[in-house]
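Working notes, beginning with the structure itself.
Residue numbers (the numbering used here): 567 to 822.
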């Protein structure tokens with residue numbers, strides 16, 4: 567038994583050395599201001615800073631792989647990328663991802679249904695969605711009643727930019743998103759003059775997680791990363807990162 571334990575720890579040590587030798591943490595990211603944005607050809611935002619913090623704690627250098635949301639999910643599922651941020655947890659997803667506890671973000675912003683003012687649509691209750699064509703982000707989870715509904719006609723698109731364009735062109739009746747992720751995609755005038763938000767909304771807080779691919783060589787760092795993240799949340803580090811980035815984002819004239 568003693569020799570088995572020694573052998574086990576040697577194997578683990580060699581594995582960690584092999585991971586460290588690559589020196590890289592491949593992170594799949596999609597643009598989602600203010601969490602991830604591209605400024606002067608450089609990725610910035612609170613998610614980027616959080617990844618730098620976690621990568622440093624395990625001695626790896628983050629490499630950011632830009633991709634549409636659904637492609638990011640696929641890359642991490644298949645082990646082409648090690649990590650992704652901003653996922654909701656579900657049983658099917660847990661087959662492919664290791665979710666790092668605790669969640670790094672409790673999302674309080676409600677999910678809103680966006681429509682064109684000119685269409686004068688009324689969405690006051692869930693059943694009002696039935697006759698409409700609703701745009702969704704491919705691979706995204708929203709809320710159980712909506713996700714599981716077989717009555718609502720949905721069209722999946724690959725980016726939030728596509729959702730906005732399809733609504734402006736009248737090819738969908740509505741889409742659901744959080745206001746903070748839609749505002750950066752439009753000028754203030756266009757948003758105020760053309761868009762409206764339905765009364766019906768989903769306003770229960772939702773957890774957002776950092777997840778590691780079950781195919782990744784870094785999955786053995788999951789517990790260590792969980793401890794680092796938990797400490798960073800409890801000692802206020804994550805909140806400081808969030809406040810710094812939100813202030814920079816709000817003070818940037820190009821975001822107004």
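Ideal Cβ placement from N, Cα and C applies to all residues, glycine included.
Could you say which of the options lies nearest to residue i if we only look at CA atoms?
i: residue 510; options: 683, 615, 679; result: Residue 510 lies beyond the stretch modelled for the chain, which goes from 567 to 822, so this question has no answer here.
i: residue 694; options: 718, 677, 786; result: 718
i: residue 745; options: 627, 767, 720, 621; result: 767
i: residue 634; options: 712, 727, 658; result: 727
i: residue 785; options: 597, 621, 813; result: 621
i: residue 782; options: 597, 641, 759, 774; result: 641
Assuming residue i is part of the alpha helix (DSSP H), what are its boundary residues?
i: residue 683; result: Unbroken run through residue 683: none, as it is neither H nor E.
i: residue 658; result: 657 to 660
Confirm, please, whether the CB-CB distance from residue j to residue i is below 7 angstroms.
i: residue 649; j: residue 595; result: no
i: residue 788; j: residue 664; result: yes
i: residue 651; j: residue 776; result: yes
i: residue 701; j: residue 741; result: yes
i: residue 590; j: residue 627; result: yes
i: residue 667; j: residue 792; result: yes
i: residue 705; j: residue 653; result: no
i: residue 811; j: residue 612; result: yes
i: residue 690; j: residue 769; result: no
So, under 8 angstroms CB-CB, residue i and residue j are touching, yes? Tell me the CB distance rounded to an integer number of Å.
i: residue 699; j: residue 739; result: 5 angstroms
i: residue 600; j: residue 815; result: 4 angstroms
i: residue 703; j: residue 671; result: Between residue 671 and residue 703 the Cβ distance is about 17 angstroms, and since that is not below 8 angstroms, they are no contact.
i: residue 603; j: residue 807; result: With 8 angstroms as the limit, residue 603 and residue 807 do not qualify as a contact, their Cβ atoms being about 14 angstroms apart.
From the DSSP secondary-structure annotation, give me the bridge partner or partners of residue i.
i: residue 694; result: Beta-bridge pairing links residue 694 to no other residue.
i: residue 743; result: 678
i: residue 632; result: 595
i: residue 608; result: 605
Comparing the CB of residue i with every heavy atom of the ligand PLP, is any distance shorter than 6 angstroms?
i: residue 775; result: Summarising the ligand content, the structure contains no ligands, and the ligand PLP is consequently not present.
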